[in-house]
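Below: one structure, written as structure tokens.
Numbering (my numbering), first residue to last: 20 to 142.
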């Protein structure tokens with residue numbers, strides 16, 4: 020798959036809430052997931068390797084009490100990179116309801132996602 024095909028497939032699966040399936044299909048075994056430097060207490064940190072990325076996703080899901088709304092944008096592709104905007108209205112266990120908007124930036128090499136990095140406002 021080329022970068023555009025990977026980007027479109029990732030968006031398709033994210034829109035269905037099938038995040039781990041997207042990782043299984045599209046990510047390299049040694050992929051990395053990077054959060055914002057200085058992320059608030061309770062935020063999940065970086066993950067290196069596919070198994071760690073799966074676990075990070077499972078921890079995220081375990082902290083969600085309810086999803087009220089979710090949106091995933093169409094991807095923007097440039098060479099071996101693409102970005103996707105995510106917006107979520109969710110209630111988290113012990114933290115209440117929050118609206119989250121973030122940009123995911125993905126790097127593709129040899130037909131697989133090798134890194135994802137998320138950018139969002141903190142505070």
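Think of the CB as a built atom: it goes at the ideal place given N, C-alpha and C, for glycine as much as any other residue.
For clarity, every value in this text was computed on a predicted model and none was experimentally measured.
Close Cβ partners of residue i (< 6 Å) along its chain, the five nearest in sequence each way excluded
{"i": "residue 32", "result": "40 and 41"}
{"i": "residue 125", "result": "101, 132 and 135"}
{"i": "residue 108", "result": "87, 88 and 118"}
{"i": "residue 90", "result": "106"}
{"i": "residue 25", "result": "45 and 127"}
{"i": "residue 92", "result": "103 and 104"}
Status (buried if at least 16 other CB within 10 Å, exposed otherwise) for residue i
{"i": "residue 119", "result": "exposed"}
{"i": "residue 110", "result": "exposed"}
DSSP state of residue i mapped onto helix, strand, coil
{"i": "residue 7", "result": "Outside the modelled stretch of the chain, which goes from 20 to 142, sits residue 7, for which no answer is possible."}
{"i": "residue 112", "result": "coil"}
{"i": "residue 123", "result": "strand"}
{"i": "residue 35", "result": "coil"}
Cβ-Cβ separation, residue j to residue i (assumed contact under 8 Å), whole Å
{"i": "residue 94", "j": "residue 35", "result": "Not really, about 15 Å apart at Cβ, beyond 8 Å."}
{"i": "residue 105", "j": "residue 123", "result": "6 Å"}
{"i": "residue 112", "j": "residue 84", "result": "5 Å"}
{"i": "residue 37", "j": "residue 137", "result": "Not quite, the Cβ-Cβ distance comes to about 18 Å (not below 8 Å), so this is no contact."}
Residues near residue i by beta carbon distance below 7 Å, same chain, minus five either side
{"i": "residue 67", "result": "51"}
{"i": "residue 73", "result": "39 and 42"}
{"i": "residue 128", "result": "99"}
Opposing strand residues paired with residue i [DSSP bridges]
{"i": "residue 67", "result": "51"}
{"i": "residue 96", "result": "101"}
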